[in-house]
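Q: Residue numbers (our numbering): 637 to 1211.
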């Protein structure tokens, strides 16, 4: 995987103002040395979202969204990290450099080739649609009541019924067949023969938020299998990350803060044509968490418009649960059997569709109603347990418990009794050895120590000498500590996963409040670490002593007792 050079990221941050970038999306107001506004990532009216220009990051006290200028731009626009860096680099006038290695050089070359091939293929398919070869496809679109304006806006095309049409076209532009396979528009059989992946199909380009064609979906308009065929993954396209029509819908979604989510290509086209321009589709596959994350940066509410058959209802159930888990509002519209957004709009028009939208079910109610139809009480409670237990945000769990209880006709106490305890902080005690290491979220004391270590790097060596990695109660805490204890200021923010980065930024926001009493805080934390280190050592030696006594090993008993006294004396001297 190509890694963007840390100097490139640092240069982007130095040339762009985080306040200027964020101000494009929300109205910031100065509060002391910071800026504040209602958070763009969750529903609220009070300004819990703060921006610290000196430190170059933001934090929301409501939903705990946090990050730097790149993280904000990525989330608010639903981009992946690389695309966010690319767009910001372009604005800042910074040339992107990858960390130098043969793998990264090849990756950069492949990305460039895949971008150009998909762009050329998109133009080739569009030209074919509007030529004599595409007459049948144009008739099909006309019969489905899709206007030429929408066809051109979504860059629809036609793939000719031949094995080498696109292959030859790319060859004339100096691209080899192998390049076409790598870019996902050509295929190779078991005998090594390379041929056009799409033949005699209506083509739906998949466009990234930057306006770049990254892949294609193809639909047969007569007999033939498979009915739908998509590009294979390539250096600029990963399945499950993109949404059909999101590029065309992005501005309308950010304006309304809600999105209509549907299944089919034609559903998306019809919705846009009939005035519902904040619509996109899941590309014919099950909704993924990556797609939900992309939407969460653009909107606060998702209205699910899946087909009215059993498969569509089941997909709506799974999608609604995923959307709710991400902290977004969700509504689900139940279409009649065998109906979809396209058929209803074409037959009945936008006004009728507006009336249907008044009949949506709230997402959580829809999920429980779906389960109630054909699930046992035990199965329903198992789902509720999984749903609530899977919520990483404690405040979100607190929000949903009374709602779930009310919909099930239970009190909160009754519901809590029926749930398995998955609350952070209520974990089995840490066992000796590595086999049973606690992998849950860290306890409050761990977070206090790590927050201090993040804010004041000059104390990390002192903490390390106190064997902090032994005292920390969870594997997450120890992993995070091992990452930061040797970090320099230059690479401070790199190497974290998403959860670690979120904690890092939240910790940094507390620096100014801790700074006043940092010596007292350090002394208090040191006392805690020393005490717990001694406790852990005593426990380990006590277990070893019990084993030695069972074996009647007198020499081992004496050795352990000497070690216990020695460790105790050494620790007392260091305090």
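Each residue gets a CB set at the ideal place from its N, CA and C atoms; glycine is no exception.
1) Flag this pair as touching only if the region 831-840 and the region 851-862 have three or more C-beta atom pairs under 8 Å; answer yes or no.
2) Given this structure, state the Cα-to-Cα distance separating residue 714 from residue 845, to the nearest angstrom.
3) Can you name the start and end residues of the beta strand (DSSP E) that residue 898 belongs to?
4) To the nearest angstrom, report how far apart residue 783 and residue 996 are at their CA atoms.
5) Using only CA atoms, which one of 752, 788 and 745 lies nearest to residue 764?
6) Roughly how many whole angstroms lie between the Cα atoms of residue 1105 and residue 1086?
7) Below 8 Å between beta carbons: does that hold for residue 904 and residue 873?
8) Are the C-beta atoms of residue 813 and some chain C residue less than 8 Å apart?
9) Beta-carbon within less than 6 Å of residue 924's beta-carbon, same chain only, minus the 5 sequence neighbours each way: which residues are those?
10) Just verifying my parser: in three-state terms, what is the DSSP assignment at residue 661?
11) Compare the beta carbon distance of residue 665 and residue 688 with 8 Å and say whether it is the shorter of the two.
12) Are the beta-carbon atoms belonging to residue 1089 and residue 1112 less than 8 Å from one another?
13) Alpha carbon to alpha carbon, what distance is there between residue 1120 and residue 1093?
14) Using the three-state DSSP reduction, which class does residue 642 fall into: helix, strand or coil?
15) Go through the region 858-910 residue by residue and report every complete run of the alpha helix (DSSP H) that reaches 4 residues or more, in order.
16) Would you tell me roughly how many angstroms separate the C-alpha atoms of residue 756 and residue 806, rounded to the nearest one?
17) Which residue marks the beginning of the alpha helix (DSSP H) containing residue 1113, and which one marks its end?
18) Decide if residue 848 is buried, meaning its Cβ has at least 16 other Cβ atoms within 10 Å, or exposed.
19) Helix, strand or coil, according to DSSP, for residue 671 in the structure here?
20) Work out the CA separation of residue 943 and residue 1148 for me, nearest whole Å.
21) Is the CB-CB distance between residue 1169 and residue 1107 below 8 Å?
22) Taking 6 Å as the limit between beta carbons, can you name the residues of its chain near residue 975, skipping five residues before and five after?
23) With a 10 Å radius around its C-beta and 16 neighbouring C-beta atoms as the bar for buried, classify residue 1064 as buried or exposed.
24) If you run the structure through DSSP and keep just helix, strand and coil, what is residue 853?
25) If distances are taken between C-alpha atoms only, which option among 706, 659, 678 and 641 comes closest to residue 937?
26) Are the region 705-723 and the region 650-658 touching, with three or more C-beta to C-beta distances below 8 Å?
27) Nearest by alpha-carbon distance to residue 916: which of 790, 1151 and 701 is it?
28) Rounded to the nearest angstrom, what separates residue 795 and residue 759 at their Cα positions?
29) Going by DSSP, what residues sit across from residue 686 in a beta bridge?
30) For residue 700, which three-state DSSP category applies?
31) Can you check which of these residues, 972, 884, 885 and 834, is closest to residue 861 by C-alpha distance?
32) Taking residue 928 and residue 958 to be in contact with their CB atoms under 8 Å, please state how far apart those CB atoms are, rounded to whole angstroms.
A: Considering the structure as presented:
1) The region 831-840 vs the region 851-862: in contact.
2) 8 Å
3) 894-898
4) 28 Å
5) 788
6) 11 Å
7) no
8) Judged by its chain identifiers, the structure shown contains no chain C, having just a single protein chain.
9) 876
10) coil
11) no
12) With respect to residue 1112, residue 1089 sits apart: the two C-beta atoms are not nearer than 8 Å.
13) 9 Å
14) helix
15) 882-892 and 901-909
16) Residue 756 and residue 806 have their C-alpha atoms roughly 8 Å apart.
17) 1111-1120
18) buried
19) strand
20) Each residue's Cα considered, the two are about 53 Å apart.
21) yes
22) Answer for residue 975: 944, listed in chain order.
23) With a pLDDT of 32 at residue 1064, under the threshold of 50, the predicted position of this residue should be treated as unreliable, and no value is reported.
24) strand
25) 678
26) yes
27) 790
28) Approximately 11 Å, taken between the alpha carbons.
29) 672 and 695
30) Three-state DSSP puts residue 700 in coil, outside helix and strand.
31) Selected option, being the one with the closest Cα: 834.
32) 6 Å
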